[in-house]
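Input: a single structure, listed below in structure tokens.
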Amino acid sequence: MFHFTDEQRMIQEMVGRLAKERITPFVEEADRAGHSLPQVVKILAENDLLKLGLPENYGGIGADYTTIALVVEELAKVDASTAMTLFVTQSLIQILKEAGSEEQKERFFNQMSSGDKINAFSLTEPNHGSESASIQTKAVLNGDHYIINGTKIFVTNGPIADLILLFVRTGEGERQKGLSALVVEKGTPGFSVGKHEDKMGLRGSDISELIFEDALVPRENLLGQPGDGWKILISGGADMRSYGPGAMATGLACGAMDYAVSYAQQRVQFGRPLANLQAVRFMIADMCIQVEAARALLYRTTALMDAGDSDMSLRSRLVSATKCFASDVAMRVTTDAVQILGGYGVMKDYPVERMMRDAKMIQIFDGSNQIQRVIVARSLLST
Ligand SMILES: Cc1cc2nc3c(=O)[nH]c(=O)nc-3n(C[C@H](O)[C@H](O)[C@H](O)COP(=O)(O)OP(=O)(O)OC[C@H]3O[C@@H](n4cnc5c(N)ncnc54)[C@H](O)[C@@H]3O)c2cc1C
1 MFHFTDEQRM IQEMVGRLAK ERITPFVEEA DRAGHSLPQV VKILAENDLL
51 KLGLPENYGG IGADYTTIAL VVEELAKVDA STAMTLFVTQ SLIQILKEAG
101 SEEQKERFFN QMSSGDKINA FSLTEPNHGS ESASIQTKAV LNGDHYIING
151 TKIFVTNGPI ADLILLFVRT GEGERQKGLS ALVVEKGTPG FSVGKHEDKM
201 GLRGSDISEL IFEDALVPRE NLLGQPGDGW KILISGGADM RSYGPGAMAT
251 GLACGAMDYA VSYAQQRVQF GRPLANLQAV RFMIADMCIQ VEAARALLYR
301 TTALMDAGDS DMSLRSRLVS ATKCFASDVA MRVTTDAVQI LGGYGVMKDY
351 PVERMMRDAK MIQIFDGSNQ IQRVIVARSL LST
């Protein structure tokens with residue numbers, strides 16, 4: 001059973017209102033434009049949401065996983081793209097808290113304390129998506145710097161990120177054993193942003209290639225020891241799937257359900273509102289059952305993470321189950337929302353059209369739902 005504190009409820013209510021009143025006016029424009037809008041990033045910054053997870057002495061509120069999930073959920077009810085920009089930014093903060101040295105925390109948290117910094121998480125490469133243990137971007141130590149060569153793709157926030165968590169091969173061994181993680185700062189010599197992708201959904205968030213050509217990253221930006229990359233990826237990196245796509249999908253599904261409910265009450269056919277037809281009522285009931293189940297799983301998972309539960313197998317199982325279940329729910333619920341709106345549902349004048357496109361993306365990124373099922377099964381079967 002999960003329980004929200006008074007502070008969490010206050011933040012939830014504040015962000016819900018902010019999203020409805022201040023972000024809604026930009027959602028359609030960003031979707032059409034195919035990239036994030038600086039005005040929206042500014043709203044997040046002005047309301048201290050980008051630095052949510054920072055410790056208090058750096059100007060944040062040290063938000064735990066549950067609080068971040070609540071914020072992501074509320075934003076996603078209105079705009080999943082904005083939720084995406086925010087949770088990816090939080091992920092570097094959470095990972096630094098766990099894997100960063102005191103010197104790294106101080107240096108990077110100080111940079112983020114202005115509250116307007118955007119972060120990115122870069123793993124995927126052209127030939128290595130689900131098979132992330134085989135990434136090829138190389139980092140070779142030369143004196144005080146790593147020299148990095150390679151190309152990353154599909155990096156959310158790539159074009160606007162100030163700090164990027166980059167997974168590289170430093171070569172301590174084969175596959176997982178040779179991976180390391182380091183922080184790359186905007187303006188690093190030899191680092192540039194490549195192609196900006198034009199995608200089906202989540203069009204109000206940015207996604208691009210990142211290109212490293214003899215890029216020089218200071219040695220002190222390496223997290224942990226050389227070879228610790230996989231450990232960081234499957235702990236802090238995996239945790240993101242709960243407060244990130246898990247919360248985002250739950251909010252998106254809820255937003256689509258709310259819209260369909262209100263539409264069904266107003267749209268009259270055969271002399272009565274759609275909401276009086278049993279076929280429609282059952283679709284709405286099924287939406288609600290699925291959204292509540294996703295929400296229950298999400299907050300059970302973040303509560304377990306916040307409690308620091310030491311059962312890592314359970315944690316990884318719940319995190320993957322949350323991402324997988326919530327995004328499958330978002331896909332079904334947004335598809336049914338479109339169905340309830342009929343012809344209007346597929347028109348761009350109505351938000352459920354965008355929501356259905358956004359939902360499809362969540363089944364794919366941050367480890368596809370097939371990969372999440374592989375992880376859940378492995379944690380139960382131990383093979
Ligand atoms: C909107 C969006 C945002 C993204 N943001 C980021 C980001 O910020 N940082 C980043 O590093 N990456 C990001 N990605 C990349 C994303 O994580 C990958 O697309 C995803 O992991 C799948 O990899 P792939 O696209 O190469 O597909 P592939 O690995 O080629 O898989 C293709 C299909 O095969 C299935 N499949 C593959 N292997 C298995 C298996 N072992 N068992 C069962 N099925 C399998 C997959 O489920 C999928 O359906 C993003 C992608 C999208 C779409």
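Sequential numbering of the sequence shown, starting at 1, is according to the numbering used here. Where a beta carbon is used, it is the ideal one built from N, C-alpha and C, also for glycine. None of the values given here were measured: they were computed from a predicted structure.
In the DSSP output, what is residue i paired with across the bridge?
| i | result |
| --- | --- |
| Phe-121 | Leu-165 |
| Ala-215 | Ile-148 |
| Phe-403 | The displayed coordinates of the chain run from 1 to 383. Any statement about residue 403 would go beyond what the structure contains. |
| Lys-138 | Asn-149 and Arg-169 |
| Ser-180 | Val-168 |
Can you give me the Cβ contacts of residue i inside the same chain, cut-off strictly under 7 Å, excluding the 5 residues immediately before and after it?
| i | result |
| --- | --- |
| Ser-368 | Ser-130 |
| Ile-289 | none |
| Lys-186 | Ala-161 and Asp-162 |
| Val-346 | Val-338 and Glu-353 |
| Ile-351 | The sequence shown places Pro at residue 351, rather than the Ile named in the question. Correct list, in chain order: Tyr-259. |
| Ala-63 | Leu-52 and Gly-53 |
| Glu-172 | Gly-178, Pro-226 and Gly-227 |
| Cys-254 | Lys-77 and Val-291 |
| Met-84 | Thr-156, Leu-202, Ser-205 and Met-248 |
| Thr-302 | Tyr-65, Thr-66, Ala-69, Ser-242 and Tyr-243 |
| Leu-298 | Ala-69, Ser-242, Gly-246, Ala-247, Thr-250, Thr-322 and Ala-326 |
| Val-40 | Ile-23, Phe-26, Ala-30 and Thr-82 |
Quick one: what's got a C-beta closer than 6 Å to residue i's C-beta in the same chain, skipping five residues either side?
| i | result |
| --- | --- |
| Arg-295 | Thr-250 |
| Arg-357 | Met-200 and Gly-201 |
| Arg-241 | Val-319, Lys-323 and Asp-366 |
| Ser-91 | Phe-121 and Met-240 |
| Val-376 | Arg-317, Ser-320 and Ala-321 |
| Phe-154 | Thr-124 and Ile-207 |
| Tyr-344 | Tyr-350 |
| Glu-21 | none |
With a CB to CB cut of under 8 Å and the five nearest residues on each side skipped, what residues in its chain are close to residue i?
| i | result |
| --- | --- |
| Ala-215 | Ile-147, Ile-148, Asn-149, Val-184, Thr-188, Pro-189, Gly-190 and Phe-191 |
| Thr-151 | Glu-125, Pro-126, Thr-137, Gly-194, Glu-209, Leu-210, Ile-211 and Phe-212 |
| Asp-306 | Asp-64, Tyr-65 and Thr-66 |
| Ile-284 | Met-257, Ala-260, Val-261, Ala-264, Ala-275 and Ile-340 |
| Pro-273 | Ala-264, Gln-265, Gln-266 and Arg-267 |
| Ala-45 | Gly-115 and Asp-116 |
Please look up how many angstroms separate the CB atoms of residue i and residue j, rounded, as I've assumed it's under 8 Å.
| i | j | result |
| --- | --- | --- |
| Val-319 | Asp-228 | Not confirmed; about 20 Å, so no contact. |
| Ala-120 | Ile-164 | 4 Å |
| Ile-95 | Gly-237 | 7 Å |
| Gly-34 | Asp-198 | 6 Å |
| Val-78 | Thr-24 | 6 Å |
| Ile-234 | Ala-99 | Contact doesn't hold; Cβ gap of about 12 Å is too wide. |
| Leu-223 | Ala-181 | 5 Å |
Label residue i either buried or exposed according to how many other C-beta atoms from any shown protein chain fall within 10 Å of its C-beta, with 16 as the threshold for buried.
| i | result |
| --- | --- |
| Leu-314 | exposed |
| Val-72 | buried |
| Ser-310 | exposed |
| Lys-51 | buried |
| Phe-282 | exposed |
| Phe-325 | buried |
| Asp-451 | Nothing can be reported for residue 451, as the shown portion of the chain is limited to 1 through 383. |
| Val-386 | There is simply no residue 386 to check, as the chain begins at 1 and stops at 383 in what is shown. |
| Arg-17 | exposed |
| Glu-7 | exposed |
| Thr-5 | exposed |
| Met-312 | exposed |
At the 8 Å Cβ level, is residue i part of the contact set with chain C, yes or no?
| i | result |
| --- | --- |
| Leu-50 | Here chain C cannot be found, since the structure has a single protein chain. |
Is residue i near ligand 3 - that is, is its Cβ less than 7 Å away from at least one heavy atom of it?
| i | result |
| --- | --- |
| Asp-162 | The ligand content of the structure shown is limited to ligand 1, which means ligand 3 is not among them. |
- Would you be able to state if there are at least three C-beta pairs under 8 Å between the stretch 366-380 and the stretch 56-63? no
- Message: Under 8 Å: do the stretch 59-77 and the stretch 199-212 share three or more Cβ pairs, one atom per stretch?
- Response: no
- How about the stretch 357-368 and the stretch 330-347: do they share at least three Cβ pairs that are nearer than 8 Å? yes
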